[in-house]
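Residue numbering for the sequence shown is 31 to 491, as defined by full-length UniProt numbering. Below you'll find the structure, written out as structure tokens, and then a few comments.
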Amino acid sequence: VKGLIVNTEKTIIAPATPPGEGGLAVVRLSGPSSEELLRRFFKPSGKFPSLDSHRLYHGHLVDANGSLIDEVMAVIMRSPRTFTREDVAEIHCHGGPLIVQQILDLFIDAGAILAQPGEFTLRAFLNGRIDLAQAEAVADLIHARSVSAQRVALNQLQGKLSQIIRIYHRQVVDLLALVEAHIDFLEEDISPPQPDVLCRSAEDIIEAIEDLIAGFNSGRMIHDGLRILLAGKPNVGKSSLLNCLLGESRAIVSPSAGTTRDIIEESLLLHDLPVRLIDTAGIRHTDDSVEQEGVRRAREKAGSADLVLLLINADQHPDQDDLLALDSCRDQKLLLVINKQDLSPSVQLSSPWSDYPRVFISAKYRQNIDGLIEAVRDLAGLSGGADSSESVMLYERRHYQSLLQAKSCLQRFISGCRAGFGFELLALDLRDTLRAIGLITGETTPDQVLDRIFSRFCIGK
Ligand code: GDP
Ligand code: ZN
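Structural data, given as structure tokens:
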């Protein structure tokens, strides 16, 4: 939506179903002429003096010359009880691309305009039907590839995050009112608010914000997938484990996100846990400068992993090469995966190896892979209902950053209070806080950011 040029006087049209052949396709109109346009081309079967709102009618779609285009079902939904809060019409036609194109042409010739990507959702946002966090959740819901990602997006679409954000907003507004009252009525003898009272209110708000911020890491992992690095010396079974987990995966989210000669990354779903598995086959010591650059990039990528699975052999004591592998990732969250348990029932581990949580598996014979997945969930903090249906979970980095910003504005307010700054200055910090909070719901979001958000949508959403 370039520059958010949305003329809500215009009626937009777009297919609401994906392109290609299907049993049905749905073409959707939104805007003031939706009903008039629908009536012009849709001839309901039987005698219906008026089309009732929100009711599906059988009938025929004919063009301006009266020739039949398709036998369809159609519904008019009158404002404001619609997704966009505008009059909306839907035509359910046979699912052929040619039919859909003919219907689009018909309505566009009659004055409708083709919707921009995300424009239906954008109109819902501009008309106050949903706020920005909810609009974003529409896209997340559509793109969700795991049940938990779907659930957190659905919660957000229902406005659960927005409700909490509105509470924070309200609290800051109250605080600002207190401060501003004192600026405006300086002459009168209202006793000024006590700094420690102001500070305490701000601290309470910060505390609440921190609760939400604390859940971001889990939310992010559910939304983006947990980044897991496979590490270990050569021949310890990394590729075998990768293949084993790929076999375990119920759905491959994207076939192969970025395979280079240094690093293999696969997206998969492990028991509904979205995972990005990184195999660093290419990380090794080398003197070749080109290769060194590859190694450096691979290490960098590895460093951003949420969790490292460090493989060692069950049938031999960890040696110098194992230590080297451990050294490369010991600052990260680490699970020791003792592979080839089929060869040896147990290996005696001493420090530093005994310091890490561990799980025994056989990648080759697929033993205890469930145990491994459970251990991964535990370590990532995703086992105890972190994504339960009731909880609100922050998963969008944009929201997280806005809250961090709000928190730091409030902290500035508190130190200002303590330092005895004037109320005018303190009010500025609170207004900055409100601006930061408003970024989440869209009240203060700049157009470029809105552009970016809505451009993630496809046409028709
Ligand atoms: P990588 O170099 O770390 O990727 O190791 P590979 O996955 O290529 O495995 C090296 C060798 O170990 C291969 O011959 C595998 O068949 C073998 N291997 C891997 N996992 C197991 C296991 O669980 N048990 C046994 N016995 N052999 C395994
Ligand atoms: Zn390998």
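In this text, a Cβ means the ideal position worked out from N, Cα and C, and glycines have one as well.
- The beta-carbon separation of residue 403 and residue 274, rounded to 11 Å, does not stay under the 8 Å limit for a contact.
- Look at residue 145: its beta carbon is at least 7 Å from all of the heavy atoms in the ligand GDP.
- The shortest C-alpha to C-alpha distance from residue 439 to any of 206, 483 and 395 is the one to 206.
- Selection 309, 167 and 277 evaluated against residue 301 yields 277 as nearest (Cα-Cα).
- Checking the DSSP bridge columns, you'll see residue 73 partnered with 90.
- The beta carbon of residue 229 is closer than 8 Å to those of 444, 447 and 448 in its chain, skipping five residues each way along the sequence.
- In this structure, DSSP gives residue 296 an extended state, which the three-state scheme calls strand.
- DSSP places residue 309 inside the beta strand (DSSP E), whose first and last residues are 303–309.
- Less than 8 Å divides the Cβ of residue 167 from the Cβ of residue 183.
- Of the heavy atoms belonging to the ligand GDP, none sits nearer than 7 Å to the Cβ of residue 348.
- Residue nearest to residue 139 within the set 112, 43 and 114 is 43 (criterion: CA-CA distance).
- Not one heavy atom of the ligand GDP falls within 7 Å of the beta-carbon of residue 198.
- The three-state reading of DSSP puts residue 423 in coil, since its state is none of H, G, I, E or B.
- Taking non-hydrogen atoms of the ligand GDP into account, the C-beta of residue 389 is found less than 7 Å away from none of them.
- Beta bridge pairing from DSSP links residue 125 with 52.
- With a cut-off of 8 Å on Cβ pairs, the stretch 49–61 is in contact with the stretch 116–133, counting three or more such pairs.
- Out of 362, 340 and 483, the CA that lies nearest to the CA of residue 369 is found in 340.
- Counting only the Cα atoms, residue 352 lies some 10 Å from residue 383.
- In this structure, DSSP gives residue 461 a helical state, which the three-state scheme calls helix.
- Here the residues close to the ligand GDP, judged by CB distance below 6 Å to any of its heavy atoms, are 262, 264, 265, 266, 267, 268, 269, 270, 369, 370, 372, 373, 392, 393, 394 and 395 in chain order.
- In this structure, the alpha-carbon of residue 189 lies about 16 Å from that of residue 179.
- With a contact defined as Cβ atoms closer than 8 Å, residue 108 and residue 83 qualify at about 4 Å.
- Sequence-distant partners of residue 373 (beyond 5 residues in either direction) whose C-beta falls short of 7 Å from its own C-beta, in its chain, are 344 and 345.
- Setting aside the 5 residues that flank it on each side, residue 461 is surrounded in the same chain by 206, each with a C-beta closer than 8 Å to its C-beta; the list follows chain order.
- Here residue 473 carries a coil assignment [DSSP, helix/strand/coil].
- In the three-state DSSP reduction, residue 95 falls in the coil class, being neither helix nor strand.
- DSSP links residue 247 through a beta bridge to no other residue.
- In the DSSP assignment, residue 390 falls within the beta strand (DSSP E) that extends over 388–390.
- Just so you know, the alpha carbons of residue 361 and residue 235 end up roughly 33 Å apart.
- In this structure, the straight-line span from the alpha carbon of residue 442 to that of residue 358 is close to 39 Å.
- Residue 266 sits in coil when the DSSP states are folded into three classes, being neither helix nor strand.
- Where residue 399 is concerned, the enclosing alpha helix (DSSP H) starts and stops at 399–410.
- Scanning its chain for C-beta atoms nearer than 6 Å, with the 5 sequence neighbours on each side dropped, one finds around residue 103 the residues 86, 88 and 122, in chain order.
- Of the candidates 268, 299 and 74, 299 places its Cα closest to the Cα of residue 253.
- Taking the Cα positions, residue 233 is about 30 Å away from residue 479.
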